[in-house]
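Counting in UniProt numbering, the sequence shown tops out at residue 256, every number present.
One structure below.
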Amino acid sequence: MTISKAIILSAGQGSRLLPLTRDVPKCMIDFNGRSLISWQVAALVANGVTDIVVVTGFRTERVEDHALQLYRDTGARIRTVFNPFFQVADNLGTCWIVREEMDRDFIILNGDTIVSDEIVAKLVTGAKDAITVTVDVKPQGDYDDDDMKVSRDADGRLHAIGKRLLPPDTNAESIGMLAFTGEGPAIFRNQIDQMMRTPEGVERWYLRAIDIIAKGNRVGTVSIEGLEWQEVDFPQDVEAAQALTAKWIEEGRYAR
Numbered sequence: 001m002t003i004s005k006a007i008i009l010s011a012g013q014g015s016r017l018l019p020l021t022r023d024v025p026k027c028m029i030d031f032n033g034r035s036l037i038s039w040q041v042a043a044l045v046a047n048g049v050t051d052i053v054v055v056t057g058f059r060t061e062r063v064e065d066h067a068l069q070l071y072r073d074t075g076a077r078i079r080t081v082f083n084p085f086f087q088v089a090d091n092l093g094t095c096w097i098v099r100e101e102m103d104r105d106f107i108i109l110n111g112d113t114i115v116s117d118e119i120v121a122k123l124v125t126g127a128k129d130a131i132t133v134t135v136d137v138k139p140q141g142d143y144d145d146d147d148m149k150v151s152r153d154a155d156g157r158l159h160a161i162g163k164r165l166l167p168p169d170t171n172a173e174s175i176g177m178l179a180f181t182g183e184g185p186a187i188f189r190n191q192i193d194q195m196m197r198t199p200e201g202v203e204r205w206y207l208r209a210i211d212i213i214a215k216g217n218r219v220g221t222v223s224i225e226g227l228e229w230q231e232v233d234f235p236q237d238v239e240a241a242q243a244l245t246a247k248w249i250e251e252g253r254y255a256r
C-alpha cells in the first residue's frame, strides 16, 4: 500500500492559543526552528507522500508563502486552497471546500497535530479499509471532554466517534489523521456534500461525517499506541510540542 497524497486542514487561527496566534496561524507556530506544518510535511514526505494540499484561512498569505518554501526544501508538490468561510464554518466546511482534491487515495490530517514518521507509516500500512482512522489508547482510559473519543470492537472496526461518547463506550481517541482508499474518497465526498446541504452543516466537524458513515459502512482503525504525537490546542500543548520536537532534533530525525 502506498499513498502519495495528503490534505492538511489549516484554516483556523487557533484562538485558544492567543496571544501567540494573534497574527500567526497555528500551523506556523515555530517549534525549535521549524513550523508546525513543516514538521507535518517532513513526516509525510518521509513516507512517500509528495502531493500535499494545505487548506488555508486565517493569514492565508503567510501559509501560502511558507508552502513555497517547503516545496523548495522538500521537493514535494505543496499547494494551498483558500477557505473564505473559515471564520463562520467548522472543519466540515473546510473539507467541502477542498472536496475536488479528494480524487484518489489520500491522508487527511488536522493542521494542529504533530505526528512522527512512524505514525504515518503505520497508517499507510494499516489502511485496509476504505476509511481508516488513526487512534491512540490512554492506559487508564482517562479521556477528557476535548478528546475525540472512539468506540471500536476487537476487530478494529469503528462504531462511533465524537467528543460526547460516554466513558463506558470509549476505548480509544482519534488523533485527527485518517486514510481514504479505494471507494473511501467517494464515500467521504458524498457524505460531506449531503451534510453541507443542511442548515447545520457549517457547524459540523468532519469527524461527524465519519460517525455517520460508520453506521452503514465498515470504518477501520489503526492503533498507534506508544508512538509519538502531540496536538497543539492549549498553551501547555505548546510546551509539550517544544519538548517533543527538541527530542527529535537530538535524535537527528528529519534532518534538512
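Just so you know, even glycine gets a beta-carbon here, dropped at the ideal spot from N, CA and C.
Enclosing beta strand (DSSP E) for residue i [first to last residue]
i      : result
MET177 : 172–180
LYS149 : 149–152
VAL133 : 131–136
ASN217 : No beta strand (DSSP E) contains ASN217, which DSSP labels as neither H nor E.
ASP193 : Careful: ASP193 lies outside any beta strand (DSSP E), inside the alpha helix (DSSP H) at 184–196.
CB of residue i within 8 Å of CB of residue j, strictly
i           : j      : result
ILE97       : ASN110 : no
ALA6        : ILE119 : no
ARG59       : ILE192 : no
ILE52       : ILE78  : yes
GLY252      : ARG208 : no
ASN91       : TYR254 : no
THR50       : ALA76  : yes
ASP103      : ASN47  : no
ALA214      : LEU158 : yes
ASN32       : ILE210 : no
VAL232      : ALA241 : yes
residue 257 : THR74  : An answer regarding residue 257 cannot be provided, because it is not within the stretch 1 to 256 covered by the chain.
ALA127      : MET1   : yes
THR198      : GLY156 : no
PRO25       : VAL63  : yes
GLY93       : VAL202 : yes
Length of the line joining the Cα atoms of residue i and residue j
i      : j      : result
ILE187 : ALA246 : 39 Å
VAL115 : LEU17  : 19 Å
ILE3   : ASP169 : 32 Å
PHE86  : ALA121 : 30 Å
SER10  : ALA160 : 25 Å
ASP105 : PRO235 : 34 Å
ILE37  : CYS27  : 5 Å
ARG34  : GLU225 : 25 Å
GLY141 : GLY12  : 29 Å
SER151 : ALA43  : 27 Å
LEU68  : PRO185 : 27 Å
GLY153 : ARG164 : Reading the sequence as shown, one finds Asp at residue 153 and not Gly. Taking the straight line from one Cα to the other gives about 18 Å.
ASN190 : ASN217 : 13 Å
ALA179 : THR125 : 10 Å
LEU70  : LEU227 : 25 Å
THR21  : ILE8   : 18 Å
VAL45  : ARG204 : 30 Å
Selected residue, minimal CA-CA separation from residue i, among the options
i      : options                           : result
GLY14  : ALA46, ASP112, GLU200 and GLY75   : ASP112
VAL54  : TYR206, VAL24, GLU101 and LEU92   : GLU101
ILE131 : VAL238, VAL219, THR56 and LEU44   : VAL219
MET195 : LEU68, PRO25, SER35 and CYS95     : CYS95
TYR143 : ASP129, ASP153, GLY156 and ASN171 : ASN171
ASP147 : GLY93, GLN230 and ALA43           : GLN230
THR181 : TYR71, ILE8, ASP129 and LEU70     : ASP129
TRP39  : HIS66, ALA179, ARG204 and GLY184  : HIS66
ASP23  : VAL45, GLU61 and LEU166           : GLU61
Segment limits, alpha helix (DSSP H) that includes residue i
i      : result
LEU68  : 60–74
GLY162 : That residue, GLY162, is in no alpha helix (DSSP H); its beta strand (DSSP E) goes 158–162.
ALA243 : 235–251
GLU118 : 117–126
ASP146 : Looking at the DSSP string, ASP146 is not in any alpha helix (DSSP H), and its letter there is neither H nor E.
Test: residue i CB closer than 8 Å to a CB of chain C
i    : result
LYS5 : This model lacks chain C altogether; it includes just one protein chain.
Query - Inter-stretch contact at 8 Å, needing at least 3 Cβ pairs: the stretch 161–177 / the stretch 130–141 - result: yes
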